[in-house]
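Following: one structure in structure tokens, then a few remarks.
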Amino acid sequence: MKLDSKAPVGPLEEKWTSYKRDMKLVSPANKRKYKIIVVGTGLAGAAAAATLGELGYQVFAFTFHDSARRAHSIAAQGGINASKNYQNDGDSVYRLFYDTIKGGDFRAREANVYRLAEVSNSIIDQCVAQGVPFARDYGGLLTNRSFGGAQVSRTFYARGQTGQQLLLGAYSALSKVVASGAVKLITRSEMLDVVVDEGHCKGIVTRNLVSGKIETFAADAVLLCTGGYGNVFYLSTNAKNSNVTAAWRAYKRGAAFANPCYTQIHPTCIPVHGEYQSKLTLMSESLRNDGRVWVPKTAGDKRNPSEIPDGERDYFLERKYPSFGNLAPRDISSRSAKEACDAGLGVGPGGLGVYLDFRDSMNRLGRDTISSRYDNLFQMYERITGENPYDVPMRIYPAVHYTMGGLWVDYNLETTIPGLFCLGEANFSDHGANRLGASALMQGLADGYFVIPNTLAQYLVKVKPGAAKTDSPAFKGALEDVNASVRRLLSINGKRTVDSFHRELGKIVWDKCGMARNASGLKFAIEQIASMKEEFQSNLRILGTADDFNTSLEKAGRVADFFELADLMCRDALTREESCGGHFREEHQTADGEAKRDDEDFCHVAAWEYQGPDKTPVRNVEPLAFETVHLATRSYK
Amino acid sequence: MKLKLHVWRQSGPHAKGHIEEHLLDNVSPHSSFLEMMDQLNEELQSKGKEPVAFDSDCREGICGSCSMVINGRPHGPWKGTTTCQLHMRAFKDGDEIWIEPFRAKAFPVVKDLVVDRGAFDRIVQAGGYITVRTGSAPEANLTPIPKSDADTAFDAAACIGCGACVAVCKNASATLFLSAKVSHLAHVPQGEPERMKRVKSMVAQMDAETFGACTNTGDCTQVCPKEIGQNHINTLNREYLRAISFDNSNASANTGSAG
Ligand SMILES: Cc1cc2nc3c(=O)[nH]c(=O)nc-3n(C[C@H](O)[C@H](O)[C@H](O)COP(=O)(O)OP(=O)(O)OC[C@H]3O[C@@H](n4cnc5c(N)ncnc54)[C@H](O)[C@@H]3O)c2cc1C
Ligand code: FES
Numbered sequence: 001m002k003l004d005s006k007a008p009v010g011p012l013e014e015k016w017t018s019y020k021r022d023m024k025l026v027s028p029a030n031k032r033k034y035k036i037i038v039v040g041t042g043l044a045g046a047a048a049a050a051t052l053g054e055l056g057y058q059v060f061a062f063t064f065h066d067s068a069r070r071a072h073s074i075a076a077q078g079g080i081n082a083s084k085n086y087q088n089d090g091d092s093v094y095r096l097f098y099d100t101i102k103g104g105d106f107r108a109r110e111a112n113v114y115r116l117a118e119v120s121n122s123i124i125d126q127c128v129a130q131g132v133p134f135a136r137d138y139g140g141l142l143t144n145r146s147f148g149g150a151q152v153s154r155t156f157y158a159r160g161q162t163g164q165q166l167l168l169g170a171y172s173a174l175s176k177v178v179a180s181g182a183v184k185l186i187t188r189s190e191m192l193d194v195v196v197d198e199g200h201c202k203g204i205v206t207r208n209l210v211s212g213k214i215e216t217f218a219a220d221a222v223l224l225c226t227g228g229y230g231n232v233f234y235l236s237t238n239a240k241n242s243n244v245t246a247a248w249r250a251y252k253r254g255a256a257f258a259n260p261c262y263t264q265i266h267p268t269c270i271p272v273h274g275e276y277q278s279k280l281t282l283m284s285e286s287l288r289n290d291g292r293v294w295v296p297k298t299a300g301d302k303r304n305p306s307e308i309p310d311g312e313r314d315y316f317l318e319r320k321y322p323s324f325g326n327l328a329p330r331d332i333s334s335r336s337a338k339e340a341c342d343a344g345l346g347v348g349p350g351g352l353g354v355y356l357d358f359r360d361s362m363n364r365l366g367r368d369t370i371s372s373r374y375d376n377l378f379q380m381y382e383r384i385t386g387e388n389p390y391d392v393p394m395r396i397y398p399a400v401h402y403t404m405g406g407l408w409v410d411y412n413l414e415t416t417i418p419g420l421f422c423l424g425e426a427n428f429s430d431h432g433a434n435r436l437g438a439s440a441l442m443q444g445l446a447d448g449y450f451v452i453p454n455t456l457a458q459y460l461v462k463v464k465p466g467a468a469k470t471d472s473p474a475f476k477g478a479l480e481d482v483n484a485s486v487r488r489l490l491s492i493n494g495k496r497t498v499d500s501f502h503r504e505l506g507k508i509v510w511d512k513c514g515m516a517r518n519a520s521g522l523k524f525a526i527e528q529i530a531s532m533k534e535e536f537q538s539n540l541r542i543l544g545t546a547d548d549f550n551t552s553l554e555k556a557g558r559v560a561d562f563f564e565l566a567d568l569m570c571r572d573a574l575t576r577e578e579s580c581g582g583h584f585r586e587e588h589q590t591a592d593g594e595a596k597r598d599d600e601d602f603c604h605v606a607a608w609e610y611q612g613p614d615k616t617p618v619r620n621v622e623p624l625a626f627e628t629v630h631l632a633t634r635s636y637k
Numbered sequence: 001m002k003l004k005l006h007v008w009r010q011s012g013p014h015a016k017g018h019i020e021e022h023l024l025d026n027v028s029p030h031s032s033f034l035e036m037m038d039q040l041n042e043e044l045q046s047k048g049k050e051p052v053a054f055d056s057d058c059r060e061g062i063c064g065s066c067s068m069v070i071n072g073r074p075h076g077p078w079k080g081t082t083t084c085q086l087h088m089r090a091f092k093d094g095d096e097i098w099i100e101p102f103r104a105k106a107f108p109v110v111k112d113l114v115v116d117r118g119a120f121d122r123i124v125q126a127g128g129y130i131t132v133r134t135g136s137a138p139e140a141n142l143t144p145i146p147k148s149d150a151d152t153a154f155d156a157a158a159c160i161g162c163g164a165c166v167a168v169c170k171n172a173s174a175t176l177f178l179s180a181k182v183s184h185l186a187h188v189p190q191g192e193p194e195r196m197k198r199v200k201s202m203v204a205q206m207d208a209e210t211f212g213a214c215t216n217t218g219d220c221t222q223v224c225p226k227e228i229g230q231n232h233i234n235t236l237n238r239e240y241l242r243a244i245s246f247d248n249s250n251a252s253a254n255t256g257s258a259g
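Each protein sequence line maps, in turn, to chains A and B.
Per the working numbering, the first sequence runs over residues 1 to 637.
Per the working numbering, the second sequence runs over residues 1 to 259.
Right under this line is the structure:
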């Protein structure tokens, strides 16, 4: 498989400008002849569908949600980055680019990341114009906060509900074009396959989640904006219905899947409470601006936290990383918390927790200031745990949060299947081996509003509009495949529920392919996953029928894909014989326990190519050429 | 703890529904309400019975998917809290709990506790946006917005579109939902150019969707998980009156039912 990044040549700062100068345009009269399918209406999908609709394309937008406003993006709390430098603290496009590349542990493609930093400012302009109520200071201008992995204050936010406000902005833009007829929105509809005809992606197969009807839709290009796969771990901070199915089915039709082992564990989540736990709740990283992370210095210290004097507390992030302190990047902060708990210093039930303490900032700034910054988060914490963080320090523990891996895309956001594009968290493109806080929202909107409207045209000018027909053999074959796989799931008629399998799978992935990985654990996991998958295929029980609203059936299809993805994640983690970002191989660490990268052998993207059921996939490599930045050991000390 | 559950079951929009009774044991007080429902569904399935269908996604109180009427109150007993954020601490051993869908003519039942809230989307499509083509936005800090306006806009924009306001209202009115969007956009200068057209067409769409009229009872603000206040309904009324009195050419909008 050939992996051509198609990054424009020339100096980094001029790549996007020269790309736009030289790019081809689709004439207004021709735009309306092209049909574009957008799967997903989160930040990436809603932004893309709205913009392409405005431009005059015939857009069809699909979501499995009942409304575009409910996509997982709605739950993002902390904020969105942009290099406006409103704080006059030395920010610039280059600095945002550099922080993102370094935060990603030098495992992302320079050209894509630079473009992201470049368009970041337009995103803020666009959102403000849509009426997004970002936080403002008393002069009425926009204000910022800082986030992990950066020494400037560049994060724009709307209390603790930034994702909600940005998504509602994109949703309103989408609603406008839906009303005008430029976009047809199809809700409660799940994409179950892509259709590849003569080497090009020409449409999709969907299941209507209310009637159960399996349908096909033809188009001239398909955009997958279907989010991340963190729910492979069962317990994660992702919305319950987030899944990998769209990307996975595309992988099985020939799209390369890049760096599946790059998953992000977020340091500040509410610890697990019990057996029926269905998901984990994130406490925004912005809390680390004012909260100090600590554990007692002595193992087994059961005193009330307020009775433990400062001298007997270990503020471990401040101690280990003095220049970034509590704002060290996520992978590093998570691992430090795990180390503390592994050493028996953890707090709370089961010892899987560390304190996040606001005592000092409340003394310094007053309770009201802290309340104005975080009250909704504090309330959420209290609702879940029954404890009031104004009085007792929060207890937090790392949890799965984001997936940097995803479908491989080139500079045009096109996958290895011509005509199939991938945007937002579903692609692998911008965050390398670790994502910095407040950059996913930025990426989703950059891809949807500002990148794809330009890059898509470079593909469209090469194809004749309206060529695909749903009565072709490719469409009929894909339809039959989907029908058969739905029937297969329903016919197993075993004894166990979907959730019980998902929980079991999640546990093994978390234990062996989570915060720390090693070769023997990964090999063990690969075997376990295979035998679990076998049991899944013979002992699953789904009640109800295929032609009805059937949540268990929906979940079963997704969990089947998670089994296969989990296997690929472990293979990817096993073959990447280095530690980088969120991928920590125990065999590859420095004397003081920091990640040890191997730029000699692993400064590349691993893009996996499907070979057929039960065949070992092929690992292709896209070398990462750093033309501008100097590969450095990441240090936050 | 041990609970007696009375759950609404309905196989489809046109089917006749009924209440089904289930005993559920070993419920942890630390579980969320939906984790309790998951537990019920695992039990039902192990007995070969179809699980109860309900909507949920974020389970963090922000996506607006979850929608159960719990003991007669949308989202249950805790103030400012969605169903998914309600925890079993709110109940005690031996309690009986009645669980029903968000009912309204404009929200037909899809199955069991799942309803169709597409009417809300159509109200937004009627004008709940600011027209701004991608790429045409001016520099963000060009227009300062007084902090108090920005804060009020945010308070309104915090609406999650769950529909609790409709479910609790004796008239099944969508006025609080509509007022939240109108008030949000009326408090930012960018919303000014389309202000009059927006409110009129959104009100007209609300009426077309068969939501009832607002009689200012205020139950909606009591159950709203985001505690959207009555002040936004006042803003809506002011906006609406202003629009119809400035623009007599659209006389038909006079019959609208803004609160
Ligand atoms: C709790 C939490 C807090 C976060 N906070 C921040 C933050 O502060 N800042 C930040 O930058 N990032 C944050 N993130 C990350 C960020 O929210 C996500 O990465 C981002 O929103 C993903 O957007 P997306 O558009 O790619 O996908 P999503 O928002 O996940 O949307 C996916 C869409 O695809 C649809 N879909 C998926 N599969 C199918 C299918 N098969 N058929 C049909 N439709 C399908 C869904 O219905 C949905 O509409 C946070 C994440 C979490 C979990
Ligand atoms: S599930 Fe999202 S608000 Fe309850």
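From the three backbone atoms N, C-alpha and C, an ideal C-beta is built for every residue, glycine too.
Coil, strand or helix - residue i by DSSP
i	result
Leu224(A)	strand
Trp510(A)	helix
Lys202(A)	strand
Lys2(A)	coil
Leu209(A)	coil
Phe358(A)	coil
Gln58(A)	strand
Gln589(A)	strand
Ala253(B)	Residue placement at Ala253(B) is flagged as unreliable, the pLDDT there being 49, under the threshold of 50; the coordinate-derived value follows with that caveat. Looking at Ala253(B) - three-state DSSP - the assignment turns out to be helix.
Arg154(A)	coil
Pro296(A)	strand
Thr51(A)	helix
Phe233(A)	helix
Ile417(A)	coil
Strand pairing of residue i, partner residues [DSSP]
i	result
Gln264(A)	Tyr402(A)
Val194(A)	Ile204(A)
Tyr397(A)	Cys269(A)
Glu609(A)	Val618(A)
Partners in chain B for residue i, counting only beta-carbon separations shorter than 9 Å
i	result
Leu522(A)	Those do not exist, as Leu522(A) stays about 30 Å from chain B at its closest Cβ, beyond 9 Å.
Chain B residues whose Cβ lies nearer than 7 Å to that of residue i
i	result
Ile641(A)	With chain A covering 1 to 637 only, the question about residue 641(A) has no answer from this structure.
Gln130(A)	Ile130 and Val132
Gly139(A)	Pro144
Neighbour list for residue i in chain A, Cβ cutoff strictly below 7 Å
i	result
Ser59(B)	Sequence inspection shows Arg at residue 59(B); the Ser mentioned does not correspond to that position. Going along chain A in sequence order, the residues near Arg59(B) (Cβ under 7 Å) are Lys240, Ser278 and Lys279.
Members of the stretch 443-460 of chain A that neighbour chain B once the beta carbon cut-off is set at 8 Å: Within the stretch 443-460 of chain A, the residues whose Cβ lies closer than 8 Å to some Cβ of chain B are Tyr449, Phe450 and Pro453, listed in chain order.
Residues in the stretch 75-104 of chain B having any Cβ partner in chain A nearer than 7 Å: Taking 7 Å as the Cβ-Cβ cut-off against chain A, the residues of the stretch 75-104 of chain B that qualify are Thr81, Gln85, His87 and Arg89.
The stretch 377-389 of chain A: positions lying closer than 9 Å to chain B by Cβ: Cβ contacts with chain B come from Gln379, Met380, Arg383, Ile384, Thr385 and Gly386.
Residues, ordered as in the chain, of the stretch 29-41 of chain A that lie near chain B by beta-carbon distance below 7 Å: Result list empty, no residue passes.
Residues, ordered as in the chain, of the stretch 140-170 of chain B that lie near chain A by beta-carbon distance below 7 Å: For the stretch 140-170 of chain B, the residues whose beta carbon sits under 7 Å from a beta carbon of chain A are, in order, Ala140, Asn141, Pro144, Ile145, Pro146, Lys147, Ala150, Ala153, Phe154, Ala157, Ala158 and Gly161.
3 or more residues per run - each beta strand (DSSP E) lying fully within the stretch 12-99 of chain B: Runs found: 18-24 and 68-70.
In chain order, each alpha helix (DSSP H) run of at least 4 residues that lies wholly inside the stretch 106-150 of chain B: Runs found: 118-125.
Whole runs of the alpha helix (DSSP H) within the stretch 300-381 of chain A, excluding any shorter than 4 residues: Counting only runs of 4 or more, we get 316-320, 330-342 and 359-365.
Interfacial residues, the stretch 276-308 of chain A to chain B, with Cβ spacing under 9 Å: Cβ contacts with chain B come from Tyr276, Gln277, Ser278, Lys279, Thr281 and Leu282.
Complete runs of the alpha helix (DSSP H) confined to the stretch 494-562 of chain A [at least 4 residues]: As far as the stretch 494-562 of chain A is concerned, its whole alpha helix (DSSP H) runs of at least 4 residues are 498-513 and 519-539.
Contact list for the stretch 150-182 of chain A against chain B, Cβ threshold 7 Å: Shown in chain order are the members of the stretch 150-182 of chain A whose Cβ falls below 7 Å from a Cβ of chain B: Ala158, Arg159, Gln161, Gln164, Gln165, Leu168, Ser172, Ala173, Ser175, Lys176, Val178 and Ala179.
Cβ-based contacts, 8 Å cut-off: residues of the stretch 260-273 of chain A near chain B: Cβ contacts with chain B come from His273.
Under 7 Å (Cβ pairs) to chain B, residues found in the stretch 485-519 of chain A: Answer set for the stretch 485-519 of chain A: Thr497 and Asp499.
Within the stretch 58-139 of chain A, ranges of the alpha helix (DSSP H) (whole runs, at least 4 residues): Within the stretch 58-139 of chain A, the complete alpha helix (DSSP H) runs of at least 4 residues are 93-103 and 110-130.
Chain E contacts made by the stretch 469-480 of chain A, where a contact means CB separation under 9 Å: Absent from the structure: chain E. Protein chains present are A and B.
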